[in-house]
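**Q** So that you can map any letter, position 91 of the sequence shown is 90 in numbering that gives the first Met the number 0, and since no number is skipped, the others follow by simple counting.
Even glycine gets a Cβ: it sits at the ideal position worked out from N, Cα and C.
Quick caveat: nothing in here was measured; it's all calculated off a predicted structure.
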Amino acid sequence: MEPLIALIAVTLVLLVLGALGVKRLRPWVVPLRGGLAVMFLLTGGAHFIGMREEMIRMVPPVLPAPGLIVTVTGLLELAGAAGLLWRRTAPLAAACLSVLLVLMFPANVYAVLAGVLTAPYDQLLPRTLMQIVFLSATLAVVVHDVRARWRASGPPPAIHVNPTKAHP
Numbered sequence: 000m001e002p003l004i005a006l007i008a009v010t011l012v013l014l015v016l017g018a019l020g021v022k023r024l025r026p027w028v029v030p031l032r033g034g035l036a037v038m039f040l041l042t043g044g045a046h047f048i049g050m051r052e053e054m055i056r057m058v059p060p061v062l063p064a065p066g067l068i069v070t071v072t073g074l075l076e077l078a079g080a081a082g083l084l085w086r087r088t089a090p091l092a093a094a095c096l097s098v099l100l101v102l103m104f105p106a107n108v109y110a111v112l113a114g115v116l117t118a119p120y121d122q123l124l125p126r127t128l129m130q131i132v133f134l135s136a137t138l139a140v141v142v143h144d145v146r147a148r149w150r151a152s153g154p155p156p157a158i159h160v161n162p163t164k165a166h167p
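1. Would you mind giving the Cβ-Cβ distance between Leu-83 and Ala-93, rounded to the nearest angstrom? I have them listed as a contact below 8 Å.
2. In the DSSP assignment, find the unbroken alpha helix (DSSP H) run with Val-28 in it and report its ends.
3. Which complete alpha helix (DSSP H) runs does the segment 89-154 hold, if anything under 4 residues is left out?
4. Classify Glu-76: buried if its beta carbon has 16 or more other beta carbons within 10 angstroms, exposed otherwise.
5. Does the Cβ of Pro-30 have 16 or more other Cβ atoms within 10 Å, making it buried, or fewer, making it exposed?
6. Expressed to the nearest angstrom, what Euclidean distance is found between the alpha-carbon atoms of Leu-24 and Pro-60?
7. Tell me which residues share the same chain as Asn-107 and place their Cβ nearer than 6 Å to its Cβ, disregarding the 5 neighbours each side in the sequence.
8. Between which two residues does the alpha helix (DSSP H) carrying Arg-51 extend?
Shown next as structure tokens:
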């Protein structure tokens, strides 16, 4: 639940600052990237401090080296958080974090079904809904960049067909 609260709270604070005149925070995607960065900083850090043992237990037993998997995914989340903060790397970071969220979701399902996670907000429905929010936020960053690139390059050239000219 803490990652969701961090995402929402930081994004809202940055949106308000943008509305109050901080020019760099005016485009809605910048506060969203900031909220995501803080969220992934928290979740990535939890792979090493505080929740490491619980996260290792969340790894399905069919996967080898759960400690290594937790370390690698934690490092990827921290790298993604850093990447979200730089405009040039933010779309790639968001896309990679989207893939990571999808790949790690089965571990969340396993953890709920195996009883590793027992808090009410850690049940399957709330956890799935939170995952959908996180994935929607990362994908929004990607889509924003794709649309901005398309607008900057202009519409694709039109294809003109001469209906009076015969084609072989």
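**A** This is what the structure gives:
1. Counting from 1 along the sequence shown, the entry for residue 83 is found at position 84. Counting from 1 along the sequence shown, the entry for residue 93 is found at position 94. Confirmed, about 6 Å.
2. Taking the sequence shown and counting its residues from 1, one reaches residue 28 at position 29. Start and end: 28-45.
3. 89-112, 123-152
4. Here residue 76 refers to the residue found at position 77 when the sequence shown is read from its first residue. When all chains shown are included, Glu-76 counts as buried.
5. Within the sequence shown, numbered from 1, the residue matching residue 30 stands at position 31. The residue is buried, with at least 16 neighbouring Cβ atoms inside 10 Å.
6. Position 25 of the sequence shown, counted from the start, is the residue given in the question as residue 24. Position 61 of the sequence shown, counted from the start, is the residue given in the question as residue 60. Distance between the alpha carbons of Leu-24 and Pro-60 is about 44 Å.
7. Locating residue 107 in the sequence shown gives position 108, counting from the first residue. Excluding sequence neighbours, Asn-107 sits near Arg-126.
8. As a working note, residue 51 is residue 52 in the sequence shown. It spans 51-57 - the alpha helix (DSSP H) in which Arg-51 sits, taken as one unbroken run.
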